[in-house]
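Novice: Structure below; questions to follow.
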Amino acid sequence: MAPRILLQPGQIWTPQDSRVPCRRIVDLSERVLAYSPFPDTDAPSYENVSQSFFRRWIRESRATLSGQTEARAAPATELAKKVATLRKACGMSQSELAAAMGLSRSAIAALETGRTSSANRHLPKLAQIFEVPPELFLGGMVEQTTTMDLSPDERDLIDLYRRLPTERKMEIQKYAERRARA
Numbered sequence: 001m002a003p004r005i006l007l008q009p010g011q012i013w014t015p016q017d018s019r020v021p022c023r024r025i026v027d028l029s030e031r032v033l034a035y036s037p038f039p040d041t042d043a044p045s046y047e048n049v050s051q052s053f054f055r056r057w058i059r060e061s062r063a064t065l066s067g068q069t070e071a072r073a074a075p076a077t078e079l080a081k082k083v084a085t086l087r088k089a090c091g092m093s094q095s096e097l098a099a100a101m102g103l104s105r106s107a108i109a110a111l112e113t114g115r116t117s118s119a120n121r122h123l124p125k126l127a128q129i130f131e132v133p134p135e136l137f138l139g140g141m142v143e144q145t146t147t148m149d150l151s152p153d154e155r156d157l158i159d160l161y162r163r164l165p166t167e168r169k170m171e172i173q174k175y176a177e178r179r180a181r182a
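Counted from 1, the sequence shown has number 53 at position 53 by UniProt numbering; the numbering is strictly sequential.
Written out as structure tokens, the structure is:
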């Protein structure tokens, strides 16, 4: 089974065929997605389609996530948004997700607003419930690829990082963020 594609406003999807226009996600509701051609044409036009229809277009056109027009939020905020977005995409209420997780509804609300620092211990269970890879919570879109030259030290660090369990990866990301700000 292919991993679920997490859709968010601001994402720009570029199809493999350069003759087909890119699509920028403008808005996302319970099951409906609004997108516009990218770059925007003179007269802004939005098309509303189901999320499943847009995901099918991504697969069929072999589109890749090429950029975001908005600044990235802090990782804790991005994680919170992903949990809320996936829950809504699966048609679950906070109470239903809480029951599936064995948590209270208020604990789910805290996860979805980034008010808790214990989100990392719930990632494997969330990934199982939403049928997505745990890595999706840590770094964004699994399909997104980048190419860069790495030093031997950087390659070693990445190799070690990939061997870590999901919970440890989250701890390492938080530690690196704090150190980078200092």
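By construction, the Cβ of each residue, glycine as well, lies at the ideal position given by its N, Cα and C atoms.
These numbers come from a predicted model, not from an experiment.
Can you list, in chain order, the residues of its chain with a C-beta nearer than 8 Å to that of GLN51? Leave out the 5 residues immediately preceding and following it.
Specialist: LEU7, LEU28, ARG31, VAL32, LEU33 and ALA89, listed in sequence order.
Novice: Verify whether the separation of the beta carbon atoms of SER66 and ASP17 is less than 9 Å.
Specialist: Cβ atoms of SER66 and ASP17: not closer than 9 Å.
Novice: Among PRO15, SER36 and LEU126, which residue has its Cα nearest to the Cα of ILE25?
Specialist: When each option's Cα is compared against that of ILE25, the closest is SER36.
Novice: Out of ILE129, GLN11 and LEU138, state which residue places its alpha-carbon closest to the alpha-carbon of PHE54.
Specialist: Per the Cα distances, GLN11.
Novice: Cα separation between THR64 and LYS82?
Specialist: Rounded to the nearest angstrom, the two C-alpha atoms are 19 Å apart.
Novice: What is the rounded straight-line gap between the Cα of GLN68 and the Cα of PRO39?
Specialist: Since pLDDT at GLN68 reaches only 48, below the 50 mark, its modelled position is unreliable, and the value read off the structure follows with that caveat. Distance between the alpha carbons of GLN68 and PRO39 is about 12 Å.
Novice: Applying the criterion that 16 or more other CB atoms from any shown protein chain within 10 Å of the CB defines a buried residue, is GLU112 buried or exposed?
Specialist: Burial call: buried.
Novice: Which stretch, first to last residue, makes up the beta strand (DSSP E) that contains ARG24?
Specialist: Counting along the chain, the beta strand (DSSP E) containing ARG24 begins and ends at 22-28.
Novice: Look at the alpha carbon of HIS122 and the alpha carbon of GLY91, and state the distance between them as a whole number of angstroms.
Specialist: Cα to Cα, HIS122 sits roughly 20 Å from GLY91.
Novice: Where do the N-terminal and C-terminal ends of the beta strand (DSSP E) with ALA34 fall, by residue?
Specialist: Looking at the DSSP string, the run of the beta strand (DSSP E) that includes ALA34 is 32-38.
Novice: How many angstroms separate the CA atom of MET170 from the CA atom of ARG163?
Specialist: Taking the straight line from one Cα to the other gives about 13 Å.
Novice: Looking at the unbroken alpha helix (DSSP H) that takes in GLN11, where does it start and where does it end?
Specialist: Taken as a continuous stretch (DSSP letters only), GLN11 belongs to no alpha helix (DSSP H), being part of the beta strand (DSSP E) at 11-14.
Novice: Within 10 angstroms of its Cβ, does GLN128 collect 16 or more other Cβ (buried), or is it exposed?
Specialist: GLN128 comes out exposed.
Novice: Between ALA110 and MET101, is the Cβ-Cβ spacing less than 9 Å?
Specialist: No, the pair does not count as a contact, with Cβ atoms beyond the cut-off.
Novice: Suppose you measure from the CA of GLN94 to the CA of ILE5; what does that come to, to the nearest Å?
Specialist: Computed Cα separation, rounded: 21 Å.
Novice: Which same chain residues, not among the five before or five after PRO124, have their C-beta less than 7 Å away from its C-beta?
Specialist: So the qualifying residues of the chain are PRO134 and THR166.
Novice: Give me the Cα-Cα distance between LEU157 and THR77, rounded to the nearest whole angstrom.
Specialist: Their backbone Cα atoms lie some 25 Å apart in a straight line.
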